[in-house]
Amino acid sequence: MTLPEAYSYGPYHDGPDPLAPPIDLREAMDAIGEDVLAGSSPRSALQELLRRGTRDTTGLDELTRRVWQRRSELQRRHRLDGTLGEVQRLLDDALRAERKALFPDPGDDARFREARLDALPPGTAAAVRELADYDWMSQTGRQNYERIRELLGQQLLESRFEGMKEALRSTTPQDVERVNQMLADLNALLAAHARGYGDIDERFAEFMRRHGEFFPENPRDIDELIDALAARSAAAARMLNSMTPEQRQELAQLSQQAFGDPRIAQQLSQLDSQLRGLRPDQDWTSSARLRGDDPLGLADGVRAMTELAELDALAEQLSQGYPGARLEDIDLDALERQLGEDARVDAARLSELQQQLRGEGLLQRAPDGSLRLSPKALRRLGETALADVVRSLRGRTGQRDTSSAGAAGEPSGSTRQWEFGDTEPWAVSRTVRNAVLRTAAGGGGRVRLDVSDVEVAETEHRSRAAVALCVDTSWSMVAEGRWLPMKRTALALHQLISTRFRDDALRLITFGRYAAEVELPDLVGMEGTWEQGTNAHHALLLAGRHLRRHPDAQPVVLLVTDGEPTAHLEPDGEAEFDYPPSPRTLRKTLSEVDRLAKLGVALTVFRLGDDPRLAAFVDLLARRSGGRVLAPDTEGLGAAVVGDYLRRRTR
1 MTLPEAYSYG
11 PYHDGPDPLA
21 PPIDLREAMD
31 AIGEDVLAGS
41 SPRSALQELL
51 RRGTRDTTGL
61 DELTRRVWQR
71 RSELQRRHRL
81 DGTLGEVQRL
91 LDDALRAERK
101 ALFPDPGDDA
111 RFREARLDAL
121 PPGTAAAVRE
131 LADYDWMSQT
141 GRQNYERIRE
151 LLGQQLLESR
161 FEGMKEALRS
171 TTPQDVERVN
181 QMLADLNALL
191 AAHARGYGDI
201 DERFAEFMRR
211 HGEFFPENPR
221 DIDELIDALA
231 ARSAAAARML
241 NSMTPEQRQE
251 LAQLSQQAFG
261 DPRIAQQLSQ
271 LDSQLRGLRP
281 DQDWTSSARL
291 RGDDPLGLAD
301 GVRAMTELAE
311 LDALAEQLSQ
321 GYPGARLEDI
331 DLDALERQLG
341 EDARVDAARL
351 SELQQQLRGE
361 GLLQRAPDGS
371 LRLSPKALRR
381 LGETALADVV
391 RSLRGRTGQR
401 DTSSAGAAGE
411 PSGSTRQWEF
421 GDTEPWAVSR
431 TVRNAVLRTA
441 AGGGGRVRLD
451 VSDVEVAETE
461 HRSRAAVALC
471 VDTSWSMVAE
481 GRWLPMKRTA
491 LALHQLISTR
501 FRDDALRLIT
511 FGRYAAEVEL
521 PDLVGMEGTW
531 EQGTNAHHAL
541 LLAGRHLRRH
551 PDAQPVVLLV
561 TDGEPTAHLE
571 PDGEAEFDYP
581 PSPRTLRKTL
591 SEVDRLAKLG
601 VALTVFRLGD
611 DPRLAAFVDL
621 LARRSGGRVL
631 APDTEGLGAA
641 VVGDYLRRRT
651 R
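For the sequence shown, full-length UniProt numbering assigns the number 1 to the initial residue and increments by one for each residue that follows.
Structure (structure tokens):
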């Protein structure tokens, strides 16, 4: 009998969390679209989204703040005089023990030794050097002095070699000689590499065969070896730069006493010089201010400097402020080391979000290299804007769905689930199919219709309309906070017409000092500019030209403005500006309204603002054309425009 295989379950460790919620591209596109509509470029809007983050993902700004906080904590916690302090403590203990041993001895030799101790120079390094040939009477003093030499040697080597502590488990003369030989061979190898010797690969292999125990990172070639050594050496240089001049001088003198062998310090000095020449791009000159209470030895100080450099690099990567920056540049391993696994997951999700936005075709690269919203992205923004308008219309009129395109029209070919209040005909085949599938899923039996099975056929009016939406783009629209609602209104109307009234011909017309026919992407990405003039005359002239191209369509002109006309177009094509509006500007604007009225246009003007002069003028426009004036607030502009379009179209 074969026993079933046992399984055990634990935390998931490798790769993204399989249970994490999927990235919400619609939320991301809504955020990007909001910024683009407000005047940002798509690239800036994407960068702002990545900096801000999403509902489920921490943004780059917060990750950067945590990196700087971590850096500040490191600087406030530590200081760099640990080795000097430890040497001073060992020396004081050694001298105290030696004096204690000499005190009971009445001989001249004891007094001579005491005199020599009393004459020691005041500096720690000078005292250690002076005692190099001193014959200690105290066992504790002798041990402490030897410990000073071992400590200096170990700290110097560990500050340059990551695996030295494991490779040098004892400090016998044989071990010290082995280290000296490794340093001499290493300096010879780097010198041969600098001179360009052709057999460098063989030299490197032989070096690693003899001294590989000192290099746990196991470099694969000479360049990897140099990179690893130069990073540590540069960190050691930055640590020295961060000390006071007095501390640097003390440390340089003490280094000569490492293991009691001055060759160690000389070899390390030669190594640092060669590495600086081979890797000048490393940071050899900067410093950091460590002002805490926890003293660090040389080896730990180098690790702290390495950590500070890693935090600085992460801050730069997260800022994405350098040319050619990509989220893939972020060192996720370093980010996890510094901020934890959650930070790594957030950065990876931001990178995935950016890739999906491009992979799904929501962002496209223009011929000039800039990013732009794709037609797919514009459709999504239009859907969102139209949905907002529909909710506003529903709340205002009490209707279930004012966006349905004519309940008494012809079938559009699509169906939807029945809702209370629907008057459209049933889609019989779809309704019966739903009932059969529901019954089969419940175990079979007699098929009975349920309200949830019913689908109705969507209908739409087949009459065509030629629609001109004229929107004011003068600076006052930006200054008064009407720029974004204006763009969202155009998006909603464009989405409605392109999805439900595909036979209608919509033309978007902007007007400031001049008017222009624009495509939706251009209007969405348009930035507000300081420009004098509200040229409604030119806008209505272009609207009339559009209507004449579609003589068989019902004409609809919608004018959105927050100012009375202050400019008109001269026959030579130049715009003439006057404020207050000149009689000539007013006459030309009214004459264009009269021409539109002859085409059957009942002009609807959407007045933004409460300026009495504007109110009087737009009322005159409406009376001349048989139209009307609506004065919505900025939040209700989209509902007002779409609602009036539907009213005009179904009339």
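Glycine included, every Cβ here is placed at the ideal spot set by N, Cα and C.
Cβ shell of residue i (< 6 Å), same chain only, five flanking positions each side left out
i      : result
LEU240 : ARG248
ASP503 : ARG464
ASP329 : GLN317
ALA408 : Caution is warranted here: a pLDDT of 42 is assigned to ALA408, below 50, making its placement in the model unreliable, and the coordinate value is therefore given only provisionally. Closer than 6 Å at the Cβ level, and outside the excluded window around ALA408, lies no residue.
Limits of the alpha helix (DSSP H) - the one that residue i falls within
i      : result
PHE112 : 108-118
VAL451 : Careful: VAL451 lies outside any alpha helix (DSSP H) and carries neither H nor E.
PHE259 : Neither: PHE259 is in no alpha helix (DSSP H) and is coded neither H nor E.
ALA479 : 475-479
ALA490 : 483-500
LEU523 : 520-524
SER138 : From DSSP, SER138 is part of no alpha helix (DSSP H); its letter is neither H nor E.
TRP284 : Neither: TRP284 is in no alpha helix (DSSP H) and is coded neither H nor E.
ARG55  : Here ARG55 belongs to no alpha helix (DSSP H), and DSSP marks it neither H nor E.
ASP312 : 298-319
ASP422 : From DSSP, ASP422 is part of no alpha helix (DSSP H); its letter is neither H nor E.
The beta strand (DSSP E) enclosing residue i, as first and last residue numbers
i      : result
GLN554 : 554-561
ARG628 : 628-630
ILE509 : 505-511
GLU98  : Run containing GLU98: none in the beta strand (DSSP E); it sits in the alpha helix (DSSP H), 82-102.
ASP472 : 465-472
Length of the line joining the Cα atoms of residue i and residue j
i           : j      : result
HIS546      : ALA466 : 8 Å
ALA405      : VAL641 : Low confidence applies to ALA405: its pLDDT is 34, below 50, so where it sits in the model is not reliable, and the reading given next is rough at best. Going from the Cα of ALA405 to the Cα of VAL641 covers about 15 Å.
VAL454      : TRP418 : 6 Å
ASP610      : ASP30  : 31 Å
LEU339      : VAL67  : 7 Å
GLU316      : GLY301 : 23 Å
GLY297      : THR83  : 4 Å
ARG76       : ARG147 : 30 Å
PHE112      : ASN144 : 21 Å
THR285      : PHE204 : 29 Å
LEU49       : LEU60  : 9 Å
PHE501      : HIS494 : 10 Å
residue 700 : ILE32  : Any property of residue 700 remains undetermined from this structure, which presents the chain solely from 1 to 651.
GLU574      : GLY512 : 13 Å
ILE497      : PRO632 : 22 Å
GLY261      : LEU152 : First, the amino acid is wrong: residue 261 is Asp here, not Gly. Distance between the alpha carbons of ASP261 and LEU152 is about 11 Å.
ILE226      : ASP108 : 56 Å
LEU620      : ASP594 : 11 Å
SER287      : LEU91  : 29 Å
ALA490      : ARG584 : 30 Å
LEU590      : LEU46  : 44 Å
ARG51       : THR244 : 39 Å
Neighbourhood of residue i by C-beta, 8 Å cutoff - its chain only, sequence neighbours within 5 removed
i      : result
GLU130 : LEU120, PRO121
ARG647 : none
LEU332 : ARG344, ALA347, ALA348
VAL87  : THR124, VAL128, ILE148, LEU151, LEU152, LEU254
ALA334 : GLU310, ALA313, LEU314
Burial state of residue i (16 or more Cβ within 10 Å)
i           : result
GLU458      : buried
GLN355      : exposed
PRO551      : exposed
THR529      : exposed
TYR645      : buried
ALA479      : exposed
PHE103      : exposed
LYS487      : buried
PRO612      : exposed
ASP450      : exposed
GLY196      : exposed
residue 655 : Since the first residue of the chain shown is 1 and the last is 651, residue 655 is not available in this structure.
ARG232      : buried
PRO375      : exposed
PRO42       : buried
Same chain, Cβ closer than 7 Å to residue i, five either side skipped, listed in chain order
i      : result
ALA515 : ILE509, ASN535, HIS538, ALA539, LEU542
GLU576 : ALA567, HIS568, GLU570
SER476 : ASP562, GLY563
In chain order, which continuous runs of the alpha helix (DSSP H) of length 4 or greater are located wholly inside the stretch 156-228?
164-167, 173-195, 200-211
Which parts of the stretch 540-605 are runs of the alpha helix (DSSP H), unbroken and 4 residues or longer, counting only runs that do not cross its ends?
583-598
Go through the stretch 607-649 residue by residue and report every complete run of the alpha helix (DSSP H) that reaches 4 residues or more, in order.
612-625
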